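Enquirer: Count along the sequence shown from 1, then add 1; that gives the number in this note's numbering.
Idealized CB from N, CA, C, for every residue including glycine.
These numbers come from a predicted model, not from an experiment.
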Amino acid sequence: MKLNYLKIVWRNLMKSKVFSGINILGLAIGIAVCMMILLFVITEFSYDRFHRNGDHIYRVMRSFDDNGLRRSVPSVSPPYSAALQNDYPYAIKQATRVEMSTAVITVDNEPFNEKKVLMADPNFFSFFSFKLLEGNPKTVLSDPGSVVMTVSAAKKYFGNHDPIGKVVTMDQDLSLKVTGIMEDVPVNSHLDFNMIVPLANYSNVSTFTDWTRNRLYTYVELNDGITEAQVEKNFPSFMEKYMGNAMEKMGMHFELSLTPLHDIYFEPFISDRVKHGDKNIVYIFLSVAILILLIACINFVNLSTIRALDRSKEIGVRKAMGAMKGALRWQFISESIILTTFACMLSIILVFIFLPLYNNVLDQSMTFTGAFSYILLFIPLVILVVGFLAGLYPAFFLSSFSPIASLKGRLNLGTKGVFIRQTMVVVQFSISVLLIIGTIIIMYQMSYIRHKDVGYNKEQTVILKMDNRALISGQSAFKSELNGNDNIMAVSRMSGEPGGFFDGMTFDVEGKDGLLWKASTEFSDLDYVKALGLKIVAGRDFSASFSTDTISAALINETAATELGFTPETAVGKWIKNSLRDSVRRVIVGVVRDFNYMSLKEKVSPLVIAPVKDYRVILVRIKPGHLETGVAAIREAYRRVAPGLPFEFDFLDQKFDLLYKKDLRQQTILSIFSCLAIFIACMGLFGLSSFVTTKRIKEIGIRKTLGSSVSGIVLLLAKDLLRPIVIAIFIAIPLGYIFMNYWLQNFAYRISLSWWIFLIASLFAFCIALFTVCYHTIKAAAANPISSLRSE
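#1: What does residue 509 pair with, by DSSP beta-bridge criteria?
#2: Find out if the Cβ-Cβ distance for the pair residue 1, residue 266 is shorter than 7 Å.
#3: In the DSSP assignment, the beta strand (DSSP E) including residue 554 goes from what residue to what residue?
#4: Residue 507: which of 561, 139, 477 and 147 sits nearest, CA to CA?
#5: Give me the residue from 426, 733 and 44 with the minimum Cα distance to residue 723.
#6: Which residues mark the beginning and the end of the alpha helix (DSSP H) in which residue 518 is found?
#7: Is residue 494 near the ligand MN, going by C-beta to nearest heavy atom under 6 Å?
#8: Could you tell me whether the Cβ atoms of residue 441 and residue 27 are closer together than 7 Å?
#9: Quick one: using the 10 Å Cβ neighbour count with 16 as the cut-off for buried, is residue 708 buried or exposed?
#10: Do residue 31 and residue 297 come within 7 Å of each other at the CB atom, strictly closer than that value?
#11: So what's residue 605 in DSSP terms, helix, strand or just coil?
#12: Here's the rule: buried if 16 or more other CB atoms are within 10 angstroms of the residue's CB, otherwise exposed. What is residue 477?
#13: Would you check if the region 594–602 and the region 493–512 touch, i.e. whether three or more CB-CB distances between them fall below 8 Å?
#14: In whole angstroms, what is the alpha-carbon distance linking residue 734 and residue 435?
#15: Under DSSP, the beta strand (DSSP E) around residue 151 begins and ends at which residues?
#16: Are the Cβ atoms of residue 195 and residue 155 separated by less than 7 Å?
#17: Could you round the C-beta distance between residue 732 and residue 431 to whole angstroms and report it? I think they count as a contact, below 8 Å.
#18: Is any beta-carbon of chain E found at less than 7 Å from that of residue 452?
#19: Less than 7 Å between the beta carbons of residue 57 and residue 294, yes or no?
#20: If you reduce the DSSP assignment to three classes, tell me which class residue 380 lands in.
#21: Does DSSP put residue 780 in a helix, in a strand, or in coil?
#22: Please state whether the Cβ-Cβ distance between residue 437 and residue 762 is less than 7 Å.
#23: Quick one: residues in its chain with C-beta nearer than 7 Å to the C-beta of residue 115, no 5 flanking neighbours on either side, listed in chain order?
#24: Using 7 Å as the threshold, is the C-beta distance between residue 47 and residue 246 below it?
#25: Could you tell me the distance, in whole angstroms, from the CA atom of residue 174 to the CA atom of residue 474?
#26: Tell me whether the region 107–126 and the region 85–94 touch, counting them as touching only if at least three CB pairs, one residue from each stretch, are closer than 8 Å.
#27: According to DSSP, residue 133 sits in a beta bridge with which residue or residues?
#28: Determine the closest residue to residue 456 out of 596, 340, 96 and 209, with distance taken between C-alpha atoms.
#29: Do residue 480 and residue 492 have their C-beta atoms closer together than 7 Å?
#30: If we require 4 or more residues per run, which alpha helix (DSSP H) segments fall completely within the region 19–95?
#31: Which complete beta strand (DSSP E) runs does the region 212–241 hold, if anything under 3 residues is left out?
#32: Would you check if the region 579–590 and the region 445–459 touch, i.e. whether three or more CB-CB distances between them fall below 8 Å?
#33: Hey, quick one: how far does the beta strand (DSSP E) through residue 114 stretch, first residue to last?
#34: If you draw a straight line from the alpha carbon of residue 655 to that of residue 533, how long is it in whole angstroms?
#35: In whole angstroms, what separates the C-alpha of residue 535 from that of residue 569?
#36: If I measure Cβ to Cβ from residue 124 and keep anything under 7 Å in the same chain, skipping five residues before and after, which residues do I get?
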């Protein structure tokens, strides 16, 4: 590349600073968006790729029929691991089990709530490739009294002191010695934990040997040459051998399958406690990146082309001096590559500035170092490909000028050039309007979800997990004290709060001739309806006045009554019996109005509420206007039953919002991208309007001399400039309808795509374009005609 090309580029930049700034900044923003999305995509697809034998590792999945839907869950019972290794030694090299948990960790009499505890088999560090800094991978978990901590956890509990050999107490009765320190879990691991405790500490619990108690995850490593299909074909006989009688008793059929380690992160939504991503969001991000880069490149091409008038004499002189078309084309392509290089340098600065904010919105920890090799490949590729392609059309367009016409300043830009420029503006604004439509619909849908009546009261309701023995043993006293407090409306213990975990059970039902019926099940005390503010539509609520309610009563929802072939009124008095847990029949004493106990992405399904002592959480509903005093009362009652233990809680409405956390992130990111897209497109329109008004400046002067008004001239100029915007709107509306209607299928409860949504998006884009165009058109129309006609 010749040195004089750099000089020419610099002189042109300085000659028209605003124009050059628009050109470079638009491209820089597009490249910066691509780099940030590239970081996100690389991180998403890198999950669990750091494990040495990751290609041979699989997670065991259990699937079953749930009212016509095939559901897969990763939880299996503890005996699966040994049985699989025993029955298929030729296929399975090794297996390991992990269970996610929370615990109270006490160090020097100071308790901490640790929410990321992993209980695992002794071979955990030999099976996976998490890096140990201290300790032997083969023996670090061999002693049940050992614990391995991450660097961050060790610093949290022991500061700068050496933690090896130190003792911590878990859940107030289990002493553990620190035998190993590992690096913090990589951000691209589906397993996320701060400490690992040997699973052997719980092997003497009765449920540990029960094949029907599914509580942990089992991973297997297959031998070389063994495929998952070869192993899976044996699973039907395996399940019949070990689970045949249990499945017959429950009236359910379970199947096993293997999910590759690298696919776990992108598994569809399932009920587990590991990290999950959404491939659809990744592909949406990629699409948006390509679209925004396309808008930026179109700007670059358009703005480079319309500067032909400013450089016409330069082109004429070069041609008169003997410059060949090839040399001129190479010059312009070289200039385009130089400008792209400037834009890339600016884009890197923009990424460094905005990456912390981007990480915060996405709840990620992305860095340049994590994708350094990809960035090294991406930047030169962008410079060469974008620079060459973006400079290709201007190079051929500018080098084709006649030298005589160039020197006289009488360039005929032709209808073909106008058509190409207008087509590119149509593409730009079609993309922009499409993104605006998507943003409005997503915002409207999420607002609808968050404000929809879900059928229960979620405001001012506190959730406490029963995750320590003190609260479990003192739960009755805890509830009694709160029930006597004037700030508390209701207290209930249950197996899972709305939006949380619900058991799936099968039931014998009166009049169904032995056919087993499947339903979600909530185990609770007698105050469940009161605590959630549910409505009884038939029959009655649970009541302590009926001594049999604790063992032989049940409530169902309206959907359950309908599915069983009853009306709410006729369902009352019928009996049902849990085929696995009930020793006696339960009488349906009442029917509650349907409420969305799961995400609004799912239709309400049949639900049975039964007073069974299998509690995992406590819900405390505070009286309106008594939030602070109510929380203080809960804290005091907690202190009495669990003295010295940390008090932590969640609000039910906040837990509800977490169900849609990913969708809200998608809304935020798409909103930002839409703003960037319309901003880049308007930068191009700003430059185009400047070109059009400059080209027609003498025409404007003549029209004013002949008596045309300013408003008439503005209308004349704006009409031509805004015609492509109108065409873009008509293209974007049907595309927006198709894409967003597809997106809305993810929700069982969704908005309708009303006409006003598309009208608002169209008016918004049109008004922004009109404002952009009017700056130059009004300025040109109001100028003194003598100035524009003087050279004639």
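Expert: Working from what's here:
#1: 578
#2: The first residue shown for the chain is 2 and the last is 793, placing residue 1 beyond what the model contains.
#3: 554–558
#4: When only C-alpha atoms are compared, the closest one is 561.
#5: In terms of CA proximity to residue 723, 426 leads the group 426, 733 and 44.
#6: Taken as a continuous stretch (DSSP letters only), residue 518 belongs to no alpha helix (DSSP H), being part of the beta strand (DSSP E) at 518–524.
#7: What this structure holds is no ligand at all, so the ligand MN is not there to describe.
#8: no
#9: Result: exposed.
#10: yes
#11: Of the three classes helix, strand and coil, the one that applies to residue 605 here is coil, per DSSP.
#12: An exposed status is given to residue 477, since fewer than 16 other beta-carbon atoms sit within 10 Å of its beta-carbon.
#13: yes
#14: 7 Å
#15: 147–151
#16: no
#17: 5 Å
#18: Here there is only one protein chain, and chain E is not present.
#19: no
#20: helix
#21: Residue 780: helix per DSSP, three-state reduction.
#22: Cβ atoms of residue 437 and residue 762: closer than 7 Å.
#23: 103, 104, 106, 195 and 196
#24: no
#25: 14 Å
#26: no
#27: Paired residue(s): 183.
#28: 596
#29: yes
#30: 80–88
#31: Given a length threshold of 3 residues, each whole run of the beta strand (DSSP E) inside the region 212–241 is given here in chain order: 218–223.
#32: no
#33: 111–121
#34: Looking at the two C-alpha atoms, the distance is approximately 15 Å.
#35: For residue 535 and residue 569, the distance between alpha carbons rounds to 15 Å.
#36: 95 and 97
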